[in-house]
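Q: Using the working numbering, the first residue of the sequence shown is number 212, and each one after it goes up by one.
Backbone N, C-alpha and C define an ideal beta-carbon position, used for all residues, glycine too.
The structure that follows is given in the form of structure tokens.
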Amino acid sequence: MRFFYLFLFINAFILQAQELTGQQLLDKAIQHHDPDGNWRTFQDYFQVTMTTPGNPDRVSNIDINLPAERFALVVNRDSITTSYVVEKGDATVLKIDEKKPMAQLETTFKDEERALFMQNYYTYLYGLPMKLEDPGTFITNQVERKSFKGKEYLVLEVMYDENVGSDVWYFYFDPTTYKMEIYQFFKRDQKGDIDRTSGEYIILTENYETSGINMPKVRQWYYNKDDKFLGTDVITN
212 MRFFYLFLFI NAFILQAQEL TGQQLLDKAI QHHDPDGNWR TFQDYFQVTM TTPGNPDRVS
272 NIDINLPAER FALVVNRDSI TTSYVVEKGD ATVLKIDEKK PMAQLETTFK DEERALFMQN
332 YYTYLYGLPM KLEDPGTFIT NQVERKSFKG KEYLVLEVMY DENVGSDVWY FYFDPTTYKM
392 EIYQFFKRDQ KGDIDRTSGE YIILTENYET SGINMPKVRQ WYYNKDDKFL GTDVITN
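In structure tokens, the structure reads:
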């Protein structure tokens, strides 16, 4: 009898994946993570502590204000504090060395480019899965069923316009709650094919609720190639 019920469960799971389109799965995931549709007007602050093997912790204080098109990031690591501010596309960077409190470190155009990158990086990762509705994002219509680390997921494959990015991403959702629990990306080789030995996967655990958004509180990063652990990001405030 146990095997009969297991058979029914597996078939129901397969049918569920077949019935849902990619857009329908994304809609359900967004309903879980942003039930009141607050992301478009998101204005909030949170702190992320990054721990990596063999390195001091990096504490990032992040301020995202989407209506004002403003992003601010203050990063503390060792004795260096770096402040990035982007307002409507204009970036300002300030670096201070605590060992030399009166000295402002020189910043370059690359630092401004870094500010814009960090804006896109944090807004993207902490705005998922809502950011998958952005222009230049292509969601496959077919929903896959995959097992990852012993658990079954509904999986969405996502690609981007070449002006946005060339990586191929996979988003893993719990088949019952539609909570996003893993995302994974692969790079392309010179021929344009997916390189399955490249990229990383990120395991998402716990929940951090802010401004009506349910964000993953803990992100653990690993290489796809050998499952090597890279580090952990935790929302600490």
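Give the straight-line distance between the Cα atoms of R399 and D378, rounded to the nearest whole angstrom.
A: As a first step, residue 399 must be located in the sequence shown, where it is residue number 188. As a first step, residue 378 must be located in the sequence shown, where it is residue number 167. Those two C-alpha atoms are separated by around 7 Å.
Q: Taking the runs of the beta strand (DSSP E) that are 3 residues or longer, which of them lie wholly in the stretch 267–303?
A: DSSP runs (the beta strand (DSSP E)) wholly in the stretch 267–303: 269–276, 281–288, 291–298.
Q: Please report the straight-line C-alpha distance between I350 and F320, rounded to a whole angstrom.
A: Walking along the sequence shown from the start, residue 350 turns up at place 139. Walking along the sequence shown from the start, residue 320 turns up at place 109. Computed Cα separation, rounded: 34 Å.
Q: Alpha carbon to alpha carbon, what distance is there between Y364 and V259?
A: The residue labelled residue 259 in the question sits at position 48 within the sequence shown. The residue labelled residue 364 in the question sits at position 153 within the sequence shown. Each residue's alpha carbon lies about 27 Å from the other.
Q: Who are the near neighbours of G233 in its chain, counting only those whose CB is closer than 8 Å to its CB and skipping five residues on each side?
A: In the sequence shown, counting from the first residue as 1, residue 233 sits at position 22. Only I350, T351, N352, Q353, V354, L367, E368 meet the Cβ criterion.
Q: Below 8 Å between beta carbons: does that hold for Y295 and D274?
A: Within the sequence shown, the letter at position 84 stands for residue 295. Within the sequence shown, the letter at position 63 stands for residue 274. Against a cut-off of 8 Å, the Cβ pair of D274 and Y295 comes out as no contact.
Q: Given a cut-off of 8 Å, decide if E309 and T292 are closer than it, judged by their beta-carbon atoms.
A: Taking the sequence shown and counting its residues from 1, one reaches residue 292 at position 81. Taking the sequence shown and counting its residues from 1, one reaches residue 309 at position 98. Going by C-beta atoms, T292 is nearer than 8 Å to E309.
Q: Going by other Cβ atoms of all chains shown within 10 Å of its Cβ, with 16 needed for buried, is E280 buried or exposed?
A: Taking the first residue of the sequence shown as position 1, residue 280 is located at position 69. Answer is exposed; the Cβ neighbour count stays below 16.
Q: On the DSSP letters alone, give me the boundaries of the beta strand (DSSP E) that Q395 sits inside.
A: Indexing the sequence shown from 1 puts residue 395 at position 184. Unbroken beta strand (DSSP E) run through Q395: 391–399.
Q: For a test of the three-state rule: what should DSSP assign to N328, helix, strand or coil?
A: One-based indexing of the sequence shown puts residue 328 at position 117. This sequence places Phe at residue 328; Asn is not what is there. Helix.
Q: Please list, in chain order, all residues of the same chain as N425 whose beta carbon is under 6 Å from its beta carbon, the five residues on each side excluded.
A: Translated into positions along the sequence shown, residue 425 becomes position 214. Cβ within range, chain order: H244, N418.
Q: Which term fits F215, buried or exposed, when burial requires 16 or more other beta carbons within 10 angstroms of its beta carbon?
A: To locate residue 215, count along the sequence shown from 1; it is residue 4. Model confidence at F215 stands at a pLDDT of 47, short of 50, so the residue's coordinates are unreliable; what they give is reported in the following sentence. Flag for F215 reads exposed.
Q: Assign P386 to one of two classes, buried (16 or more other C-beta atoms within 10 Å of its C-beta) or exposed (fewer than that).
A: Looking up residue 386 in the sequence shown gives position 175. So P386 ends up on the buried side.
Q: By the 10 Å Cβ neighbour count, where 16 or more other Cβ atoms means buried, how is L219 classified, buried or exposed?
A: Position 8 of the sequence shown, counted from the first residue, corresponds to residue 219. In this prediction, L219 has a pLDDT of 49, which is less than 50 and means its spatial position is unreliable; what the coordinates show is noted afterwards. L219 is exposed by the Cβ-count criterion.
Q: When you compare the CB positions of I241 and P340, do they come within less than 8 Å of one another, or not?
A: The count along the sequence shown starts at 1 and reaches residue 241 at position 30. The count along the sequence shown starts at 1 and reaches residue 340 at position 129. Going by C-beta atoms, I241 is nearer than 8 Å to P340.
Q: Which same chain residues, not among the five before or five after G423, have their C-beta less than 8 Å away from its C-beta?
A: Translated into positions along the sequence shown, residue 423 becomes position 212. If we look at G423 and ignore the five residues flanking it on each side, its Cβ neighbours are D245, P246, D247, N249.
Q: Could you pull the start and end residues of the alpha helix (DSSP H) that D238 belongs to?
A: In the sequence shown, counting from the first residue as 1, residue 238 sits at position 27. Element bounds for D238: 233–244.
Q: Here's a check: name, in chain order, each residue in its chain whose Cβ is nearer than 6 Å to the Cβ of T408, leaving out the five neighbours to either side.
A: The count along the sequence shown starts at 1 and reaches residue 408 at position 197. Correct list, in chain order: K436.
Q: According to DSSP, simplified to helix, strand and coil, what is F320?
A: Residue numbering aside, residue 320 sits at position 109 when the sequence shown is read from its first letter. If DSSP states are grouped into helix, strand and coil, F320 belongs with the helices.
Q: Going by DSSP, what residues sit across from L367 in a beta bridge?
A: Counting from one through the sequence shown, the residue named residue 367 turns up at place 156. In DSSP, L367 forms a bridge with F382.
Q: If distances are taken between C-alpha atoms only, which option among S290, N374, T416 comes closest to H269?
A: Residue mapping note: residue 269 aligns to position 58 of the sequence shown, counting from 1. The amino acid at residue 269 is misidentified as His; the sequence shows Arg. Among S290, N374, T416, the Cα nearest to that of R269 belongs to S290.
Q: In this structure, how does DSSP classify F349 when only helix, strand and coil are distinguished?
A: To locate residue 349, count along the sequence shown from 1; it is residue 138. F349: strand per DSSP, three-state reduction.
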